[in-house]
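When we follow this note's numbering, the leftmost residue of the sequence shown carries the number 133, and every step to the right adds one.
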Amino acid sequence: MPLTDTSPVKRARLRRGMTQADLAEKCAERGVAVTDSHLSRIERGVFTPRPKLAAVLAGELGLDIEIFETLKAGAGSETAQ
């Protein structure tokens, strides 16, 4: 699948050469536990991360934290972590 078909969260993770497991480990190192399956759901817009996780993800991926609000507005999503 071309990167243009993926979410900005997934694109940022892939640009950094990280797997979902790698990103989950980075989040855990920063004090926020999340599974790679939750990250997958966040990337697909199924879940919206809670503020603390959103802040950690934004920091690790070099994204503006508001990207998570955009993803939430674009899908009927549930809150995760």
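No residue lacks a Cβ here, since even glycine has one placed at the ideal position from N, Cα and C.
Computed from a prediction, not measured in an experiment: that's the story for all the values here.
{"Query": "Whole-angstrom distance between ARG148 and LEU195, CA atom to CA atom", "Result": "12 Å"}
{"Query": "Expected contact under 8 Å - CB spacing of VAL166 and ALA153 to nearest Å", "Result": "Between ALA153 and VAL166 the Cβ distance is about 11 Å, and since that is not below 8 Å, they are no contact."}
{"Query": "For THR180, the nearest candidate out of THR138, THR151 and THR202 (CA to CA)", "Result": "THR202"}
{"Query": "Segments of 4+ residues assigned as alpha helix (DSSP H) that fall wholly inside the segment 133 to 167", "Result": "140 to 147 and 152 to 161"}
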